[in-house]
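Below is one structure, written out as structure tokens, with a few remarks after it.
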Amino acid sequence: MKLFKLSMAALVLSLSSLAMAEGGGDRTFERAMQANERAMAAYAAKQGKEVPVVKNYTYETELDIKKVVNVTPPIKSCNVVPSRMTYEDSAGKLITIEYKVLGECRTNGS
Numbered sequence: 005m006k007l008f009k010l011s012m013a014a015l016v017l018s019l020s021s022l023a024m025a026e027g028g029g030d031r032t033f034e035r036a037m038q039a040n041e042r043a044m045a046a047y048a049a050k051q052g053k054e055v056p057v058v059k060n061y062t063y064e065t066e067l068d069i070k071k072v073v074n075v076t077p078p079i080k081s082c083n084v085v086p087s088r089m090t091y092e093d094s095a096g097k098l099i100t101i102e103y104k105v106l107g108e109c110r111t112n113g114s
């Protein structure tokens, strides 16, 4: 009976962690992107510049990077996740691009 209860507890805990990983990751990405937008709006206001509009990066995107202002930190995930970089171009305009990176995946328990 003890073994059965232990097995059921392990099953319930593992299922709940899967549910958190599925929905929790999307919320984490969204919070990180919203925090980035707020930080870049504050930076733009402080510098007297227009707030940058987020553009999706493609291989055809031409980058004119004079100064990198911000890069979102890596998100803990074993999947491909969004990231953003805001930079000033040679004309001083702020530009934010969103691109995909491999998340920071740690499967060894660390």
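Letter 13 of the sequence shown, counting from 1, is numbered 17 in the working numbering, and no numbers are missing.
Where is the CB? At the ideal position from N, CA and C, for every residue including glycine.
Reference R110; option with closest CA among A95, P78, P86: P78
So, using beta-carbon positions, are V73 and Y91 closer together than 8 Å? yes
Within 10 angstroms of the Cβ of K97, are there 16 or more other Cβ atoms? Answer buried if so, exposed if not. exposed
Our contact map puts M44 next to P56 with C-beta atoms below 8 Å; I'd like the distance itself, whole angstroms only. 6 Å
What is the DSSP secondary structure of T90, reduced to helix, strand or coil? strand
Can you name, in chain order, every residue of its own chain whose Cβ lies under 6 Å from the Cβ of A25, other than the five neighbours on each side? Per-residue confidence for A25 stands at a pLDDT of 46, beneath the threshold of 50, marking its modelled position as unreliable; no derived number is given.
From what residue to what residue does the beta strand (DSSP E) around E102 run? 98–106
To the nearest angstrom, how far is it from the Cα of D68 to the Cα of D30? 31 Å
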